[in-house]
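Trainee: Letter by letter, the sequence shown follows residues -18 to -1, 1 to 751 in mature numbering (1 follows the signal peptide of the UniProt record, and there is no 0).
Every residue gets a Cβ at the ideal spot worked out from N, C-alpha and C, and that includes glycine.
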Amino acid sequence: MAIIWICALLSLIKHVTSHDGIHCTIEMCKCTDDKAICSGKNLTYIPRFPSGVQSVTFLNGNIGTLSIERTKNLTFNEIKELNFTNNAIARLEPDTFSNLTNLSSLTISAEFSLFATDVKNALYNLKTTSLKSLTLTCNNWSVLPDNMFRSIYTYNIQEIDISRNNLQVLNFSWFTNITSLKTLRVSFNRISAFIPGSIFRLQKLYLNNNAISKIPDNMFRSIHTNKIHNIDISRNNLQVLNFSWFTNITSLKTLRVSFNRISAFIPGIIFSLNKLYLDNNEISKVPKFCINHGYNSSLPNLNFLSLSGNYIGNVGQLRCFPRLRQLKIGYNLIGSIHKNSFTGLKVLSQLSLEGIRKQLKKIEDGAFDIPSLLELSLRNCNFHFERMSASAQSSLLSSCNNLVSLDLGGNYMTSIIVPRIISPLKQLRYLNLENCRLGFLPAKVFPDLPFLNTLIVRRNRVYGWDKDVFDSLNSLQYLDLNNNVIKIVNESSFPTALLSNLKKINLGYNYFACTCEQIWFVNWLQKTNITLIGYPSQYICSIPEKYNGKLLKDYKPSVLSCNPVFTIVISMSAFVFLIISITIVFFKCNTNIKNLIYLLKVKQFRRQGYLPILNSDDYEYHAFVVYCEENRMWVHNDFVKKLENDEGFKFCIHHRDFEVGKPISVNIDQYLKKSWKVVVIISNAFAKSEWCQWEIDIIQERRRRQGRNALLLVMLENITSKNMTSPLRTLLDSTTHLRFKKGIGENLFWTAVVEDLRKDIGLPPVSEL
């Protein structure tokens, strides 16, 4: 059933046009100016068509038998294209097409009840000299008569397609009398054997998606042609590629041998070959194409080579490619790129190392000493550019003065490294820095690039940039900042010169704040002539909480709420309230003020050398994080990710850092000693956990020895009375804690966490009154 739909879809794609419809004689047919498509199970005969129709398709009908009598209605038109697909044709009379003398294209597809001999007999009586294309696909024929195509009355046919059948043997002698044949498609069969035959003018041969595991040495020699340009034997089962198979085909330009199991090669000289596809095989070493002791090449005119998707671990030194311009060698197991790998490719202009399956660990100095290079892709190599020295970063592409396209997406770098790498590239037009873990963009991150027209910085952590960051990009036409953490875009975010030149911009899927600061951006989105990629569906409010999930285009702040006078009144009221609150706190919390004075004295004594000082430099980890399994996602994705990536802290997380095989209690004791402070993530699930209660006892001991500043308590939710335990109550009563709530106050929460983690522990312990 799937093959029927595939063939039917191909027929529709081939024949449907966008012309205005004209009247057809029956409801089952749709007509345009020169085409008609008839379909449906009620289609049991061939109707008459308007006089202008020259192309007819019968699809998913129930015709049964075709004869000269049943095709009589087609003779009233000058039919040039005729297509029968899935019409339950069981019988084809020899004289069926004898009156269609103008036919140039004939398709019989997905007719599973039709015998190949019937088609052969009908072709024998086809009295036309105009036939150029014959398509006999998806008919489930396992064998064809030896004289299947010899009986064709025409010598003008240029293309035959017998793909998607069930053929197991390909007999080239079927086509020897068709001296005009240029394209032969025999894809998606089960061919594993061949019978020789001469085809003199063949230019394109498609044998892909069969069951070929071995090719006879004389297979292509038997074609006896010097006209063939393209051969495709992809998606078979070949293990050895013998280049001598093709040496007699002096016009061969393109050879596709992708998606096989090739791991070995037999040399052979092909002077005419321009493009060679060896991707997705089992090649572990780059094949050698050198002859005459390395002074000449067996493929002297090759200008395109694809080795992607193999098992190559070491590129070595590529030689004997005097005219190679494009090289694709990504998705291999390359761990290092050596200095001399590409120096022998004197005219190489496009190099792709995209998606190396093994993490790229080393790029030697001078690895890209390729003055002719125009395009370079190191996409998704997971390479850590920060591990290179500053001088190595600056010299990495210093020889590529003519580079116009650079893709560094999917690697690790910082805003300091970017200008070092791209500064020499004055001809650069395309720069991709997608998913490079970039944060704030300083002013000099993009040096003077006078011709840059496409800049992609999507899927990073960009939350802001210096106002001058885009000043040097005067030719930029497409800017992509999609999927970052941008909250506010205001009038100073983009220079006027940039906006006047931009044609497309993508700012979707950022964390936009729907506040008064966003008014300029909201208005600009509605009136700009720049194409906004993803607008409005991808431009969504994130904060404040009441607008979370709301489209930015629907955010319409009131004049009153954003009025400066109104803001001043609110600010003054808040100031008065603050003064009153401070006064109340002073009278009610004078004991704590005394403690503050005491703490100040303790710090003064410490500076004078009376008290020992412990800081984070004395420990391997800033903090040991205690949490329960139910809070794991928040701890890993929010707490640890934000503080480690943005603030530089290093936490001990038992899911990540504990040593495998050791008891948990031993691990806890060992890693607590390596941690300066302890962070406790408290929730109802934490309170109910017996294991967490045991950890509280250990934490209390740390507090007793080092004081309350050795702990940071974070409350994710209020603890219900039934879950509150005595040890937990004691801990909460004796130690101040922070409360996390998403939305308003979240930034204050993170600031307090950072300050608390950086605060000295304070010895000796300070009691709370």
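(1) Here's the rule I'm using: 16 or more other beta-carbon atoms within 10 Å means buried, otherwise exposed. How should G630 be labelled?
(2) Within a Cβ cutoff of 6 Å, which residues of the same chain sit near V439, ignoring the five residues on either side of it in sequence?
(3) In chain order, which continuous runs of the beta strand (DSSP E) of length 3 or greater are located wholly inside the segment 462 to 511?
(4) Helix, strand or coil: how does DSSP classify K310 here?
(5) Would you kindly report the start and end of the unbroken alpha helix (DSSP H) that includes D628?
(6) For F476 versus S454, is the C-beta distance shorter than 8 Å?
(7) For T117, I'd like the list of residues in its chain whose CB is within less than 6 Å of its CB, leaving aside the five on either flank, ordered along the chain.
(8) Hey, would you say I680 sits closer than 8 Å to I635, going by beta carbons?
(9) Can the beta-carbon of Q675 be found less than 8 Å from the beta-carbon of T707?
(10) Which same chain residues end up closer than 6 Å to V735 when comparing Cβ atoms and leaving out the 5 residues on each side of it in sequence?
(11) Span of the alpha helix (DSSP H) holding N65?
(12) What are the start and end residues of each continuous beta strand (DSSP E) run of 3 or more residues lying completely inside the segment 230 to 292, in chain order?
(13) Determine the DSSP secondary structure at F40, reduced to helix, strand or coil.
(14) Let me check one thing: in DSSP terms, what residues is W447 bridge-paired to?
(15) Work out the CA separation of A556 and I562 for me, nearest whole Å.
(16) Restricting to Cα atoms, I'd like to know which of G490, N121, Q299 is closest to residue 754.
(17) Quick one, are the C-beta atoms of I231 and F202 less than 8 Å apart?
(18) On the three-state DSSP scale, how would you describe F131?
(19) Identify which residue in D128, N705, S657, L710 has its Cα closest to the Cα of E677.
(20) In its own chain, which residues sit with a C-beta less than 6 Å from the C-beta of N69, not counting the 5 before and 5 after it?
(21) Identify which residue in N627, Y445, V168 has its Cα closest to the Cα of P424.
(22) Beta strand (DSSP E) containing R167: first to last residue?
(23) Run through DSSP, which three-state label would E750 get?
(24) Alpha carbons only, please: which of D100, N59, N65, S245 is nearest the one belonging to D77?
(25) State the Cα-Cα distance for the pair G312 and P269, rounded to the nearest angstrom.
(26) Measure the C-alpha to C-alpha separation of R73 and L358 and round it to an integer number of angstroms.
(27) Give the single residue among R183, L149, N191, Q299 whose Cα lies nearest to the Cα of A175.
(28) In whole angstroms, give me the CA-to-CA distance for Y603 and T718.
(29) Considering S331, what are the terminal residues of the beta strand (DSSP E) in which it resides?
(30) Can you give me the start and stop residues for the beta strand (DSSP E) that F731 sits inside?
(31) Assuming Q185 and S162 are in contact, meaning their beta carbons sit under 8 Å apart, how far apart are those beta carbons, in whole angstroms?
(32) So is R402 buried or exposed if we call it buried at 16+ other beta carbons inside 10 Å?
(33) Tell me E612's beta-bridge partners as DSSP assigns them.
(34) Could you tell me the distance, in whole angstroms, from the CA atom of L507 to the CA atom of V471?
(35) Under 8 Å by Cβ, that's how I've got T110 and L82 pegged, so tell me the actual separation to the nearest angstrom.
Mentor: On the basis of the coordinates in this document:
(1) Within the sequence shown, numbered from 1, the residue matching residue 630 stands at position 648. Label assigned to G630: exposed.
(2) Residue 439 sits at position 457 when you count from the first residue of the sequence shown. These residues qualify, in order along the chain: L415, L463.
(3) 486 to 488
(4) Position 328 of the sequence shown, counted from the start, is the residue given in the question as residue 310. K310: strand per DSSP, three-state reduction.
(5) Locating residue 628 in the sequence shown gives position 646, where the first residue counts as 1. 623 to 629 is the span of the alpha helix (DSSP H), which, as asked, contains D628.
(6) As a working mapping, residue 476 is identified with position 494 in the sequence shown. As a working mapping, residue 454 is identified with position 472 in the sequence shown. Their beta carbons are not under 8 Å apart, which means F476 does not touch S454 by this criterion.
(7) Numbered from its first residue, the sequence shown carries residue 117 at position 135. If we look at T117 and ignore the five residues flanking it on each side, its Cβ neighbours are T89, D143.
(8) Working through the sequence shown from its first residue, we reach residue 680 at position 698. Working through the sequence shown from its first residue, we reach residue 635 at position 653. No, the pair does not count as a contact, with Cβ atoms beyond the cut-off.
(9) Residue 675 sits at position 693 when you count from the first residue of the sequence shown. Residue 707 sits at position 725 when you count from the first residue of the sequence shown. For Q675 and T707, yes; Cβs fall inside 8 Å.
(10) Residue mapping note: residue 735 aligns to position 753 of the sequence shown, counting from 1. Once the five neighbours on either side are set aside, V735 has no close Cβ partner at all.
(11) Residue mapping note: residue 65 aligns to position 83 of the sequence shown, counting from 1. Run containing N65: none in the alpha helix (DSSP H); it sits in the beta strand (DSSP E), 63 to 67.
(12) 236 to 238, 246 to 248, 257 to 259, 286 to 288
(13) Within the sequence shown, numbered from 1, the residue matching residue 40 stands at position 58. Strand.
(14) Within the sequence shown, the letter at position 465 stands for residue 447. According to DSSP, which records beta bridges pairwise, W447 is partnered with L423.
(15) Residue numbering aside, residue 562 sits at position 580 when the sequence shown is read from its first letter. Residue numbering aside, residue 556 sits at position 574 when the sequence shown is read from its first letter. Each residue's Cα considered, the two are about 10 Å apart.
(16) In the structure as shown, the chain begins at -18 and stops at 751. Residue 754 is therefore absent and cannot be evaluated.
(17) For the purposes of this step, residue 231 is identified with residue 249 of the sequence shown, where counting begins at 1. For the purposes of this step, residue 202 is identified with residue 220 of the sequence shown, where counting begins at 1. Taking 8 Å as the Cβ cut-off, I231 and F202 qualify as a contacting pair.
(18) On the sequence shown, residue 131 is found 149 positions in, with the first residue counted as 1. Residue state, collapsed to three classes: coil.
(19) On the sequence shown, residue 677 is found 695 positions in, with the first residue counted as 1. Comparing Cα positions, the closest option is L710.
(20) One-based indexing of the sequence shown puts residue 69 at position 87. Once the five neighbours on either side are set aside, the close Cβ partners of N69 are F40, G43, I45.
(21) As a first step, residue 424 is located in the sequence shown; it is residue number 442 there, counting from the start. Ranking N627, Y445, V168 by Cα distance to P424 puts Y445 first.
(22) Sequence index remark: in the sequence shown, residue 167 carries index 185 (1-based). Run containing R167: 165 to 167, per the beta strand (DSSP E) assignment.
(23) For the purposes of this step, residue 750 is taken as the residue at position 768 of the sequence shown. Note on E750: pLDDT 39, under 50, position unreliable in the model; the coordinate value appears next. Coil, per DSSP.
(24) In the sequence shown, the residue the question calls residue 77 occupies position 95. The shortest C-alpha separation from D77 is found at D100.
(25) Translated into the one-based positions of the sequence shown, residue 312 becomes position 330. Translated into the one-based positions of the sequence shown, residue 269 becomes position 287. The straight-line gap from Cα to Cα measures roughly 16 Å.
(26) Counting from 1 along the sequence shown, the entry for residue 73 is found at position 91. Counting from 1 along the sequence shown, the entry for residue 358 is found at position 376. When the Cα atoms are used, R73 and L358 turn out to be separated by approximately 58 Å.
(27) On the sequence shown, position 193 is the one that residue 175 refers to. The candidate whose alpha carbon is nearest that of A175 is L149.
(28) By one-based count along the sequence shown, residue 603 stands at place 621. By one-based count along the sequence shown, residue 718 stands at place 736. The straight-line gap from Cα to Cα measures roughly 22 Å.
(29) The sequence position of residue 331 within the sequence shown is 349, counting from 1. Careful: S331 lies outside any beta strand (DSSP E) and carries neither H nor E.
(30) Residue numbering aside, residue 731 sits at position 749 when the sequence shown is read from its first letter. If you look at F731, you'll find it isn't in any beta strand (DSSP E); it sits in the alpha helix (DSSP H) that goes 728 to 740.
(31) Indexing the sequence shown from 1 puts residue 185 at position 203. Indexing the sequence shown from 1 puts residue 162 at position 180. Contact doesn't hold; Cβ gap of about 11 Å is too wide.
(32) The residue you call residue 402 lines up with position 420 of the sequence shown. That one is buried.
(33) The count along the sequence shown starts at 1 and reaches residue 612 at position 630. Looking at the DSSP assignment, E612 forms no beta bridge with any residue, so it has no partner.
(34) Looking up residue 507 in the sequence shown gives position 525. Looking up residue 471 in the sequence shown gives position 489. Taking the straight line joining both Cα atoms gives about 11 Å.
(35) Translated into positions along the sequence shown, residue 110 becomes position 128. Translated into positions along the sequence shown, residue 82 becomes position 100. Yes, T110 and L82 are in contact; Cβ-Cβ is about 7 Å, under 8 Å.
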